[in-house]
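Student: Top line first, the protein sequences correspond to chains S and L.
Heads up: the first sequence runs through residues 4 to 223, numbered per my numbering.
Heads up: the second sequence runs through residues 3 to 502, numbered per my numbering.
Glycine included, each C-beta is placed from N, C-alpha and C at the ideal position.
As the structure is a prediction and not an experimental result, all values here were calculated from the model.
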Amino acid sequence: MSTKMKRVNLGVLVLLPLLLSACAETVPRTKAVYLLVDTSGTYSEEIGKVQAITNYLLGTLDSGDSLGLARIDSGSFTEKDIIAKVTFDPRPSYTNQQKRAFRQKLDRFVTEVSGSPHTDITGGMLQATEWLNETGAGHKFILVFSDLEEDLREGYVRDFGMDLSGIRVVALNVTKLLSDQVDPREYLERLDQWEERVTTGGGSWKVINDLDRADRLFES
Amino acid sequence: LRRAGRVSAGAVHWKEDTSMSDLNELADLLPQSPLGLALLLLFVVVLMYLGRSQAHAVIRALSQIGHNAFRLAADQVVAAQDRLVTRNREVLLEQGREATERMIEREFERVNTVVGRDLGGYPALHRKLSDQIVQIDEDYRQSTESPPQPPEWVRAVEIISGIPSNGDPVVGKILGDIHKALSSAQKDALEEYRKSSHERHRLLQKMLPFWRRLDRTLSRVDGTIRGLDERSQVIDRQMENYEQIRANSDDAVRTLSASTMTVFFSALLVLMIALAGAFINFHLIALPMSEMVGGNSAVGPLKISDVAAMVVISMELAMGLFLMESLRITRLFPVIGAMDDVMRRRLVWISFVILTTLACVESSLAYMRDLLAADREALAQSLAGVEAVRMEFRWIPSIGQMVMGFVLPFALTFVAIPLESFIQSSRTVGGNLLALSMRGFAGGLRVLGGFVDNVGTLLVHLYDFSIIVPLRLELLIQRRREEVPRSSQTTHDHLKHLKA
């Protein structure tokens with residue numbers, strides 16, 4: 004074998020693993036997070052905690068990641084309920100500007116928020132699924148900031164299966180209602196029902212009530 | 003993984019099931035009654051007893067085949083190891099020869115420079131020395147003391163002054179005038195003597211710088227000659243080494259081997275330090291690089307910005323290598339070494355300019371990194387609800403990072419030197435390690451060959467042990483047969499004795 008051929012073979016040997024690894028990496032490493040905030044009834048009092056978790060997300064997410072913030076109100080399956088959404092620019096300097104702008108929108112929302120008479124969680128999740136799939140991110144998360152008690156307006160149909168494949172749903176700060184104090188089984192049943200809906204739809208389910216453990220959000 | 007585990011566990015179960023069913027089938031073939039089993043056992047033992055010699059031959063042949071195969075493989079490995087050792091020795095000597103030639107060449111170049119610079123101007127120096135000596139000699143001669151000669155008429159005056167005056171006032175006046183003239187003449191002579199002394203001192207004073215210059219010139223010549231003497235001693239030592247290498251002596255190989263090991267570990271240490279430097283360099287430019295090429299795209303497991311930073315550092319290393327090669331400090335690329343001087347000088351400048359450009363780029367990236375870090379820190383503080391504090395003396399780390407970004411590429415240039423040493427010494431060290439491992443492997447093969455041989459013997463004994471009952475019977479029968487002819491012989495002898 005000639006020396007030139009040997010060199011070519013050596014180059015191929017060095018480059019081949021890199022190329023193969025490049026081909027093997029099909030799932031993008033970007034994250035997309037959609038934060039659903041319940042603004043109905045007494046839960047609107049918990050809105051301050053939303054700021055904390057959103058600040059955590061802004062500090063954690065990086066260039067290429069996407070973040071959306073939407074409220075859950077009487078009819079949540081609409082783009083109008085999206086308060087802020089952003090896909091961070093590849094340039095870190097511009098990403099920081101986008102984060103600052105997002106935070107300003109959040110602050111405005113927190114001061115202006117008003118309670119809604121009904122709670123359409125399913126509609127919000129459908130909207131979230133749609134948006135997350137459009138981002139094309141490799142890892143998709145829906146963070147639901149709610150007591151998970153769905154209270155639909157009359158005539159609204161939400162009792163159907165959702166396609167949540169590839170989406171991780173995290174219920175945050177699921178507060179206990181007065182009726183849960185009387186019978187805690189209601190609370191547990193509520194959680195179980197949502198878990199069943201999510202897992203049936205192909206997603207995964209997690210509950211984090213202690214917001215000091217926000218670092219567990221993205222753990223599988 | 004869990005699924006794979008389940009699959010593999012299933013496969014194991016399936017295998018176990020298969021072997022169990024085979025065993026059950028085999029058990030079904032065996033006779034169920036103890037008598038049947040005993041008969042079967044008897045049949046097997048008889049069969050083994052009858053085929054004993056053939057079985058022994060087969061076992062011995064197989065063990066011999068294994069033994070021979072392992073020994074043959076061990077011999078081949080040893081032969082390959084011998085060839086490798088010879089080749090290693092040749093390479094080591096060749097490297098040593100090249101290095102010694104290079105050192106001798108350098109020493110001769112230095113001698114040539116010294117001779118050309120200092121001794122080349124020796125005729126001029128000699129002339130200068132001669133001129134200085136002539137000048138000194140002349141000055142010396144001029145400075146010799148010459149006692150003032152009394153004027154010729156002084157003797158005549160002395161004689162006249164000796165004439166008695168006999169009270170004659172004319173004579174007395176004449177004598178007085180003579181005395182005056184004599185005193186005046188002496189005064190003049192003394193004045194003249196003082197003048198000439200002053201002139202002599204002046205000349206001697208003038209000689210002093212010549213003496214000093216002469217001393218300096220001679221000291222310089224002495225230094226040059228002494229330096230040449232030292233160089234010649236070094237050349238002698240190198241020539242001695244060179245002769246030993248040419249003679250292929252074991253001493254030379256031992257010395258070179260020890261030297262190579264030292265070079266290998268030293269170069270490895272320096273390369274590790276350089277690697278740490280490159281790592282710091284990488285972190286200086288990786289973040290701001292994402293500002294240029296984007297921070298979210300990736301090639302395999304690596305971010306594009308990281309790849310770009312690595313490429314920049316690799317280019318700096320490559321330029322450093324070319325610079326060192328062009329300066330003939332290293333000799334990794336013979337093509338560069340063989341270039342003519344004009345082309346080589348051009349390459350030096352090209353490499354240097356590219357390296358400087360990259361250093362400037364890196365310095366600016368380091369500054370940008372500092373800005374980005376500050377911005378990120380401010381954002382983190384505002385997200386945490388803490389009021390952003392403006393740090394004093396923030397410019398110090400900024401300038402530090404910029405200087406590091408500029409200096410590190412040039413510092414990495416010097417990696418070429420340990421890299422060359424590492425590459426050259428790793429050939430020898432790697433060859434020695436390979437030879438050592440081959441020796442160990444050959445030893446292992448020999449042990450395996452012996453083991454196979456012993457296993458054959460063990461199997462023969464086990465075979466005999468399994469048919470111990472018929473073997474014992476055979477022995478008993480054999481002894482009985484031997485005893486019967488002996489007893490019949492004894493009876494026959496007894497009868498003969500009686501007849502007699």
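1. Short of 9 Å Cβ to Cβ, which residues in the region 373 to 391 of chain L face chain S?
2. Relative to chain L, which residues along the region 126 to 147 of chain S have a C-beta separation below 8 Å, given in chain order?
3. Count the C-beta pairs between the region 183 to 197 of chain S and the region 47 to 65 of chain S that are closer than 8 Å, then say yes if the count reaches three, no if not.
4. Between N58 of chain S and chain L, is any beta-carbon pair separated by less than 8 Å?
5. Can you list, in chain order, the residues of the region 291 to 303 of chain L whose Cβ is nearer than 9 Å to any Cβ on chain S?
6. Between which residues of its own chain and T33 of chain S is the CB-CB distance below 6 Å, once the five residues before and five after are set aside?
7. Mapping DSSP to helix, strand and coil, what is G71 of chain S?
8. Going by beta carbon distance, what residues of the same chain come within less than 8 Å of V17 of chain S, once the five residues before and after it are set aside?
9. Under 8 Å between beta-carbons, which chain S residues line up against L289 of chain L? List them in chain order, please.
10. Does chain L have any CB closer than 8 Å to the CB of D215 of chain S?
11. According to DSSP, what are the bridge partners of S43 of chain S?
12. Any C-beta of chain L sitting closer than 8 Å to the C-beta of E28 of chain S?
13. Ordered along the chain, which non-local residues of its own chain (more than five positions away) have a Cβ less than 7 Å from that of E109 of chain L?
14. Check for me: the alpha helix (DSSP H) holding L146 of chain S runs from which residue to which?
15. Please go through the region 188 to 223 of chain S and give each complete beta strand (DSSP E) segment of 3 or more residues, from N-terminal end onward.
16. Under the assumption that K88 of chain S contacts G71 of chain S (Cβ atoms under 8 Å), give the Cβ distance between them as a whole number of angstroms.
17. P31 of chain S to W397 of chain L, Cα distance in whole Å?
18. Among L:Y142, L:I161 and L:R157, which has the Cα closest to the Cα of E201 of chain L?
19. What do you get for N243 of chain L, buried or exposed, if any count of 16 or more other CB atoms within 10 angstroms of its CB means buried?
20. Using the Cα positions of L414 of chain L and P420 of chain L, report the straight-line distance between them to the nearest angstrom.
21. Taking the alpha carbon of D65 of chain S as the reference point, which residue from S:L220, S:A104, S:S119 and S:P95 has its own alpha carbon closest?
22. How would you write the range of the beta strand (DSSP E) that A187 of chain L sits in, first residue to last?
23. From what residue to what residue does the beta strand (DSSP E) around K88 of chain S run?
24. In angstroms, rounded to a whole number, what distance separates the CA positions of K108 of chain S and V116 of chain S?
25. Taking Cβ-Cβ distances shorter than 7 Å, what residues in chain L pair up with S66 of chain S?
26. Classify A27 of chain S as helix, strand or coil using the three-state DSSP reduction.
27. Determine whether the Cβ of G205 of chain S lies closer than 8 Å to any Cβ atom of chain L.
28. Since I believe E379 of chain L is in contact with P411 of chain L (beta carbons under 8 Å), could you give me their beta-carbon distance rounded to a whole number of angstroms?
29. Going by the DSSP bridge assignment, what does A35 of chain S pair with across the sheet?
30. What in chain L is Cβ-close to T33 of chain S, meaning under 8 Å?
31. Strictly under 8 Å for the Cβ-Cβ distance: is R103 of chain S near chain L by that measure?
32. Helix, strand or coil for L334 of chain L? Go by DSSP, reduced to three states.
33. Which of helix, strand or coil does DSSP assign to R108 of chain L?
34. Taking contact to mean 3 or more Cβ pairs, one atom from each stretch, closer than 8 Å, check whether the region 422 to 439 of chain L and the region 254 to 271 of chain L are in contact.
35. Just confirm the distance between the C-beta atoms of M321 of chain L and S353 of chain L, as a whole number of angstroms; I'd bet it's less than 8 Å.
Tutor: Checking against the coordinates, here is how it stands:
1. L373, L374, D377, R378, A380, L381, A382, S384, L385, A386 and G387
2. none
3. no
4. yes
5. S292, E293, M294, V295, G296, G297, N298, S299, A300, V301, G302 and P303
6. G67, D68, A140 and G141
7. strand
8. Legend: pLDDT at V17 of chain S = 48, less than 50; position of this residue unreliable, value from coordinates given subsequently. So no residue of the chain qualifies.
9. P95
10. no
11. S:S119
12. Caution is warranted here: a pLDDT of 49 is assigned to E28 of chain S, below 50, making its placement in the model unreliable, and the coordinate value is therefore given only provisionally. Closer than 8 Å: yes.
13. R233, V236, I237 and Q240
14. Per DSSP, L146 of chain S belongs to no alpha helix (DSSP H); it is in the beta strand (DSSP E), H142 to F148.
15. 207 to 211
16. 4 Å
17. 38 Å
18. L:Y142
19. buried
20. 11 Å
21. S:P95
22. Per DSSP, A187 of chain L belongs to no beta strand (DSSP E); it is in the alpha helix (DSSP H), P171 to R248.
23. I85 to T90
24. 12 Å
25. S292, G297 and N298
26. Residue placement at A27 of chain S is flagged as unreliable, the pLDDT there being 48, under the threshold of 50; a coordinate-derived value is accordingly withheld.
27. no
28. The Cβ separation is near 27 Å, so there is no contact.
29. S:S69 and S:K143
30. N298
31. yes
32. coil
33. helix
34. yes
35. 5 Å
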